[in-house]
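Peer 1: The opening residue of the sequence shown carries number 1 in my numbering; numbering runs sequentially from there.
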Amino acid sequence: MRPVPTDADAWNAYLAEGNAKQARKRVSADVILRDDRGRVLTVNPTYKEGWDLPGGMAEADEPPDRAAVRELREELGLTITVRHLLVVDWVAPHGPWDDQLAFIFDAGTLSPTIAATLRPHDDELSEALFLPGPEAAARLRPRQRARLQAALRALADGQTRYLHNGAEPWQI
């Protein structure tokens with residue numbers, strides 16, 4: 001029998017049981033960060049193949065936007081402001097990984113002084129480069145490339161994009 005909300009202990013135990021049975025999603029949070037020439041910041045991780053956008057994985061109970069802020073502070077020594085959401089991409093299970101929600105936020109434009117002195121601050125990144133959009137996209141793996149391209153379209157037209165595995169679901 002289902003408890004009633006007026007029995008707080010029983011109700012919370014009932015909700016906790018339901019919560020324990022629900023899916024957990026991995027969450028990544030990246031940013032589009034540009035220099036004064038409009039080039040996109042890309043990073044070269046040391047722990048996986050290929051280049052990436054700056055950002056990373058959210059920790060338990062961490063909002064995606066705060067995860068992006070934390071990751072840029074840890075990896076690049078930058079304090080950024082997340083402006084708005086550009087892309088949400090649902091990534092299907094693959095290899096050993098469960099499904100994931102991948103967010104991309106607009107983090108604006110860095111001043112020329114900060115952009116010129118930007119360097120990795122930990123051993124997770126070997127390089128950080130500002131590249132024109134097409135060059136940045138060419139360095140990314142296919143799904144990330146599609147996300148970047150969707151994010152650049154979202155910046156241009158102000159429309160947030162929702163994707164499945166890098167593609168708009170109604171165009172699959």
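Ideal placement from N, C-alpha and C gives every residue a C-beta, glycine not left out.
On a predicted model such as this, the values are computed, not experimentally measured, just so you know.
Measure the CB-CB distance between D30 and E74 and report whether it falls below 8 Å.
Peer 2: No, they are not a contact pair.
Peer 1: Is it buried or exposed, E71, if we count other Cβ atoms within 10 angstroms and call 16 or more buried?
Peer 2: Classification of E71: buried, given that the 10 Å Cβ count is 16 or more.
Peer 1: Take the Cβ of Q22 as the centre, count every other Cβ of all protein chains shown within 10 Å, and call the residue buried at 16 or more, exposed below.
Peer 2: Exposed, by the Cβ-count rule.
Peer 1: Three-state secondary structure (DSSP) at L155?
Peer 2: It is helical.
Peer 1: Look up H84 in the DSSP assignment and give the residues it is bridged to.
Peer 2: Bridge partners of H84: D106.
Peer 1: Using C-beta distances below 6 Å, list every residue in its chain close to V4, excluding the 5 sequence neighbours before and after it, in chain order.
Peer 2: Cβ within range, chain order: n/a, list empty.
Peer 1: Could you compute how far the alpha carbon of A60 sits from the alpha carbon of A156?
Peer 2: Those two C-alpha atoms are separated by around 33 Å.
Peer 1: From the DSSP output, in three-state form, read off T79 for me.
Peer 2: Note: T79 maps to coil in three-state DSSP.
Peer 1: Going by CA-CA distance only, name the one from P132, Y47, A146 and A137 that's closest to V88.
Peer 2: When each option's Cα is compared against that of V88, the closest is A146.
Peer 1: Within its chain, find whatever has a CB closer than 7 Å to the CB of R92; leave out the 5 residues flanking it on each side and keep chain order.
Peer 2: Checking the displayed sequence, the identity of residue 92 turns out to be Ala instead of Arg. Counting only Cβ-Cβ distances below 7 Å, and skipping sequence neighbours, we find D99 and N165.
Peer 1: Taking the beta carbon of D65 as the centre, do at least 16 other beta carbons fall within 10 Å, making it buried, or is it exposed?
Peer 2: Buried: at least 16 other Cβ atoms inside 10 Å.
Peer 1: In this structure, how does DSSP classify E127 when only helix, strand and coil are distinguished?
Peer 2: The answer is strand: DSSP assigns E127 an E or B state.
Peer 1: Between E17, N12 and G50, which has its C-alpha nearest A137's C-alpha?
Peer 2: The candidate whose alpha carbon is nearest that of A137 is G50.
Peer 1: Which value, in whole angstroms, describes the spacing of the CA atoms of P142 and D9?
Peer 2: Distance between the alpha carbons of P142 and D9: 49 Å.
Peer 1: In the DSSP assignment, what residue or residues form a beta bridge with Y162?
Peer 2: DSSP, once it has assigned bridges, lists V88 as partnering Y162.
Peer 1: Within this structure, are the beta carbons of L78 and L148 separated by less than 8 Å?
Peer 2: No, they are not a contact pair.
Peer 1: If you run the structure through DSSP and keep just helix, strand and coil, what is V167?
Peer 2: Looking at the sequence itself, residue 167 is Ala, so the reference to Val does not match. In this structure, A167 counts as strand in the three-state DSSP scheme.
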